[in-house]
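Residue numbers (this note's numbering), protein chains in the order written: chain A, 31 to 504; chain B, 9 to 98.
All C-beta atoms, glycine included, are put in the ideal place defined by N, C-alpha and C.
This structure is a prediction, so every number in the text was calculated from the model and none was measured.
Quick notes on the structure that follows.
Now the structure itself:
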């Protein structure tokens, strides 16, 4: 079926983009991997789960209600594994409409086509490896948020929370409120870094008050909050039982049955990389981001990016960037008119929300000193079991870019397709070569974008029906 | 102590068979969350003792929680609990 506009990803940016486009007359489809739209921050609970609503739930419900009323077609629980059209046509051929190949919630493959495509693919978590991060009981900070908020589940009974950014305190406070013990909070940022972030946060007194309340609750509960601290090892036999933390030169061992750890958020750019859009390396935005104009247009015609996937700015900034992308797409497609006033209003909203978001993104940016501290025996690529030592060997053997590192070591070639290790591997390769991290580039975008069963690509067939030519005599 | 946070209304629990034992879980929970609540952090041995199968990202990105539900390969973090499921290692 042909749409004017397809939106990939149903977080705050994608919901707002689809709502804006559909309510202004564009035939719009939104594709989302989760069973319900919302994204990670505004994720809806499973059907039949009822919790006391908080601010995130109310904001998410408002976006979901507007989307449902907009007339946009919503396809949830579907896995988009293929993208085509745009520049992905033979040289000299016209840019075809975009095509999205997906596996439906029912397991049945389907395809949609659209004249324009807005990518709202969000982020995934950055993890700077340490020995034992692959041990069961160690999960991401964003993963802990999903467990706590969407599933109403504690990650453990005695939990260490470690890493960078505001998620650290959100997770620790929620673990405490849920009735478990927080054995320690290990923040890689120093107190000085948080103090320097305060002026930018003053634009969002609500966030500031929330952060102060989280911290006060931790201190009241006697939770050790360590600044300038990092996890040096997670240990245990079959599952996690203790965490080694290094804080200002002192190492301590903390007993725990769960470790929630994350070092920031990385924009999910596999789709813009697949379309060969131009990218810029902006550590303060989370790493590689598509190059965008003021209408969220990428360098590829009729292809747009919005939300954290276009540069980490937080959920509060995401809806405005989604609406701006939708308005640009409508203008480019010649659908409706009089979008300018709405665009100006949303641009102002985006600028306001961006200031606090950018300060938080800086706290979560890649830290070169953490990369330098990764031990040689630590596993970097979890899918393929590639260590730092193997990456350094590849660099010594001549691997100069992330793509060449793949050829040398299979780093990033497992089922996660480099989403978990790509950034750390690039930083370690750059470190080994003694060059800036941007110089080693990023892995070329490849399909399938998500693992997909072969039969979804091949379709149903009976082996006996395949015509097999008779063997020719030699 | 139950890892499920009190004060949240959930559908009545059902029974699934996971790694050879019966566990109770609420329909709609992810299989990964239900296994963690049942004390089953290890989802399989994988290819390397240093990298056993387990939940890590909980959002369908890392692919580490791969296992079989009723024989089909799925990500435990994206698969909701349904009564009677049989969960086995990948």
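Judged by beta-carbon spacing, residue 356(A) lies within the 9 Å limit of residue 54(A), meaning their Cβ atoms are closer than that value. Residue pairing by DSSP puts residue 83(B) in a beta bridge opposite 74(B).
Using a CB distance cut-off of 9 Å, residue 62(A) does not count as an interface residue toward chain B. Taken in chain order, the unbroken stretches of alpha helix (DSSP H) that lie wholly in the stretch 69 to 121 of chain A and span 4 residues or more are 85 to 100.
Using a 10 angstroms sphere on the CB of residue 300(A), the tally of other CB atoms reaches 16 or more, which defines it as buried. Per DSSP, the continuous alpha helix (DSSP H) segment holding residue 224(A) begins and ends at 221 to 231. CA-to-CA, the gap between residue 113(A) and residue 76(B) works out to about 28 Å. Per DSSP, reduced to three states, the secondary structure at residue 390(A) is helical.
Excluding sequence positions up to five before and after residue 283(A), its CB lies within less than 6 Å of the CB of 272, 274, all in the same chain and listed in chain order. In this structure, residue 97(A) sits near residue 67(A), with a CB-CB distance shorter than 9 Å.
Cβ atoms of residue 410(A) and residue 454(A) come within 8 Å of each other, at about 6 Å. With contacts defined as CB atoms closer than 9 Å, residue 173(A) and residue 290(A) qualify as a contacting pair. The residue from 131(A), 31(A), 107(A), 219(A) with its alpha-carbon nearest to that of residue 397(A) is 219(A).
Within the DSSP secondary-structure output, residue 62(B) pairs in no beta bridge. By the CB criterion at 9 Å, residue 117(A) and residue 305(A) fall inside the cutoff.
When C-beta distances to chain A are compared with 7 Å, the residues of the stretch 61 to 90 of chain B below that value are 62, 63, 64, 65, 66, 67, 68, 69, 70, 71, 72, 88, in chain order.
Taking C-beta atoms as the reference points, residue 42(B) and residue 33(B) count as a pair closer than 9 Å.
Here residue 322(A) is buried, its C-beta having at least 16 other C-beta atoms within 10 Å.
As computed with DSSP, residue 154(A) is found in a beta bridge with 296(A).
Two segments are said to touch when three or more pairs of C-beta atoms, one from each, lie closer than 8 Å; by this definition the stretch 81 to 93 of chain B does not touch the stretch 80 to 92 of chain A.
At a cut-off of 9 Å, the C-beta of residue 15(B) has a neighbouring C-beta in chain A. Residue pairing by DSSP places residue 32(B) opposite 23(B) in a beta bridge. Residue 217(A) has 193(A), 257(A) as its beta-bridge partners, per DSSP. In chain order, 50, 51, 52, 53, 54, 72, 73, 74, 75, 97, 98 place their CB closer than 8 Å to the CB of residue 61(B), counting only its own chain and leaving out the 5 sequence neighbours on each side. Under the three-state reduction of DSSP, residue 138(A) is assigned to coil, being neither helix nor strand.
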